[in-house]
Amino acid sequence: MNGKWVVRLPLVLLLIAGMAAGCKPAEPEENCAGGISASGDDEAVICTDKTEYQYGEIVYVRFTFTNLSDEPLELNGGSEAAMDICDWCPGPHKACWSDRQELTSEQTRLVLPPKGSHTLEWAWPPSQVDADECLDRRMQRFVPVSFSAILRYRPDSRSSTFSVRIKYYPEGNYPGE
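In this text, residue positions in the sequence shown follow the numbering used here: the first is 23, and each later residue adds one.
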């Protein structure tokens with residue numbers, strides 16, 4: 023048997039066995055942003071459940087912060103949320119997850135143990151009033167809406183380094199209608 027086949031045959035058999043077992047390569051979530059910090063000590067990821075929404079649909083936003091280090095990691099927002107999610111709509115309107123919360127000490131100061139993580143989940147828009155203020159329903163195509171992940175390592179500091187974007191379609195203009 024040719025030397026190349028001696029090396030390739032086990033790999034081919036392993037691939038066939040994996041396909042027969044129903045295995046497939048892991049696929050990244052479709053609408054996420056974030057990643058591991060430059061120091062490699064933490065990871066922050068914000069995701070929405072999909073990329074396009076019809077007017078009136080709820081957008082489910084999830085923000086997870088993970089301590090990758092071997093030491094505890096503290097986030098301290100002072101009187102503000104240590105972790106937050108904010109929308110960035112066209113125009114002056116902006117809403118944040120923390121706007122509708124009675125913040126507790128666990129939400130303003132968060133200590134993650136080594137390898138620990140914390141997740142915020144937000145159903146957006148929080149009310150129809152917020153949706154109408156944010157979205158111009160007269161638009162012919164769609165409204166781009168961004169959701170930003172905010173981390174506060176100490177009071178009065180704000181780190182909003184990544185966001186995820188969606189398309190919010192006005193009534194009667196959703197693709198496929």
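For glycine and all other residues, C-beta sits at the position ideal for the given N, C-alpha and C.
If you measure between the beta carbons of L95 and L134, is that distance less than 7 Å?
Here residue 95 refers to the residue found at position 73 of the sequence shown. Here residue 134 refers to the residue found at position 112 of the sequence shown. Contact: yes.
Nearest CA to the CA of C69: which residue from L97, K116, P147, I107?
Residue mapping note: residue 69 aligns to position 47 of the sequence shown, counting from 1. That would be I107, whose Cα lies nearest to the Cα of C69.
Could you tell me the distance, in whole angstroms, from the CA atom of W119 to the CA atom of V186?
As a working mapping, residue 119 is identified with position 97 in the sequence shown. As a working mapping, residue 186 is identified with position 164 in the sequence shown. One C-alpha to the other measures close to 15 Å.
Sorted by chain position, which residues of the same chain lie with C-beta nearer than 7 Å to L125's C-beta, five sequence neighbours on each side aside?
As a position in the sequence shown, residue 125 is number 103, starting the count at 1. Cβ neighbours of L125 beyond the five flanking positions: A103.
Could you compute how far the alpha carbon of R122 sits from the alpha carbon of Y82?
Locating residue 122 in the sequence shown gives position 100, counting from the first residue. Locating residue 82 in the sequence shown gives position 60, counting from the first residue. So the two alpha carbons sit approximately 16 Å from each other.
Answer with buried or exposed for G57, where buried requires no fewer than 16 other C-beta atoms within 10 angstroms of its C-beta.
Looking up residue 57 in the sequence shown gives position 35. Classification of G57: exposed, given that the 10 Å Cβ count is below 16.
Within its chain, find whatever has a CB closer than 6 Å to the CB of P197; leave out the 5 residues flanking it on each side and keep chain order.
For this step, residue 197 is matched to residue 175 along the sequence shown. Contacts found: none.
C-beta contact flag for R84 and E128 at 7 Å:
Translated into positions along the sequence shown, residue 84 becomes position 62. Translated into positions along the sequence shown, residue 128 becomes position 106. It is not a contact, given that the beta carbons lie outside the stated cut-off.
Got a sec: is the Cβ-Cβ distance from Q123 to anything in chain B below 7 Å?
Although the question refers to chain B, the structure presented lacks it and comprises just one protein chain.
Tell me which same chain residues have a C-beta within less than 6 Å of the C-beta of A147, skipping the five on either side of it?
Taking the sequence shown and counting its residues from 1, one reaches residue 147 at position 125. The sequence given here has Pro at residue 147, not Ala. These residues qualify, in order along the chain: A153.
For A128, report the span of its alpha helix (DSSP H) as first-last.
Against the sequence shown, residue 128 aligns to sequence position 106. The residue you asked about is not Ala; residue 128 is Glu in the sequence shown. That run of the alpha helix (DSSP H) goes 127-130.
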